[in-house]
Structure formats: C-alpha cells, structure tokens
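In my numbering, the protein residues as written are 775 to 939. We put the beta carbon where it would ideally sit given N, CA and C, even for glycine.
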Ligand SMILES: [Zn+2]
C-alpha cells in the first residue's frame, strides 16, 4: 500500500484542513503534517498577516497625524509663516521644517555654543523661507547645516507674501 498523500491536519487554531502532501517525499509526509499541526490553518495565518499590515498602516497614519499636529503647534507658537506650494507638499513641508529647525536648535543652542540672540537672528531667516519644496529638499540635512542652507536659499524660495523681503 502506498504512503498516503492526503493528510487531515488539526491546526493549532482549532480548524481542520485537508493537505495534499503528494509533492513531499513519502517518508517526510507524516512529520511535515505534524509540523503543520503546530501552525495556524492557511485562512487564520492570512487573516493574522492582513491584520498586522492593517494595524501597521494605522500606526503610521497616527504617527504622521501626531507629527503634523506638533508641526502646526510649533509653527503657531513661533509665528512661522504658512508654507506655499502645491497642496500635497504643504503638510510634508511643514513637518520637514519643524524637524529640521528643532534639530538645529538642539545642535546649535541646547548642545552648542549659540545664545538666544544668535538663534533669534537665524529664526528671522527661517521665517523668510516659505516654499514648502525647499524644506522638503532639506529633510535629510543635519541641524548644524541649517545656517549654511539658509544662506544658500534663493529669491525663489522666499514667500510671495513675505514681510521681510
Ligand atoms: Zn484556522
């Protein structure tokens, strides 16, 4: 009698599933069926996987919303001008500006040698750059690079409603 190819496996999730193990060597089928029994059935495994990616997306969206809120609060507190540019770039630009400017403050003032007057002067320059795309372009920059980057900004990066120009 040939070794059977079809195994009814009771999975750890409690479901019973019929498995065709004909593609496995005859002497390996029983142990493979035992291994399968220690796992969830295919449906439960897929459901758990989909659930994982859904909750990961949810987590990312929540984190982005929190960052956006922090950037908006910060912009209001320090009287940063609203950014200009394509609609889809505005939020990203705001988050990028917030991250880079707070990193610069930490590096230059909190951990560096700048005093508040030095920083206030830089902050004036920061306020002049309202092109969202400029901030997005600098998203990977080091905080300590911000003064040099601001000096390199051109007329086109200043806002159209800029009171400082
Ligand atoms: Zn199951």
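Check: Which residue from 892, 931 and 779 puts its Cα closest to that of residue 798?
Finding: 779
Check: Is residue 872 helix, strand or coil when you go by DSSP?
Finding: helix
Next item on the list: For the beta strand (DSSP E) holding residue 882, just list the boundary residues, first then last.
Entry: Careful: residue 882 lies outside any beta strand (DSSP E) and carries neither H nor E.
Margin query: Please state the DSSP three-state secondary structure of residue 806.
Written below: In the structure shown, residue 806 sits in a helix (DSSP, three-state: H, G or I).
Next item on the list: Could you tell me the boundaries of the alpha helix (DSSP H) in which residue 912 lies?
Entry: It is not in any alpha helix (DSSP H) - residue 912 carries neither H nor E in the DSSP assignment.
Next item on the list: Have a look at the DSSP bridge pairing and note the partners of residue 858.
Entry: 905
Checklist line | For residue 780: DSSP bridge partner residues | finding: 794
Next item on the list: Mind the definition here: the segment 807 to 814 touches the segment 840 to 847 only if three or more C-beta pairs lie below 8 Å; say whether that holds.
Entry: no
Checklist line | Within 5 Å of ligand 1: residues by beta-carbon to any heavy atom | finding: 787, 789, 815 and 818
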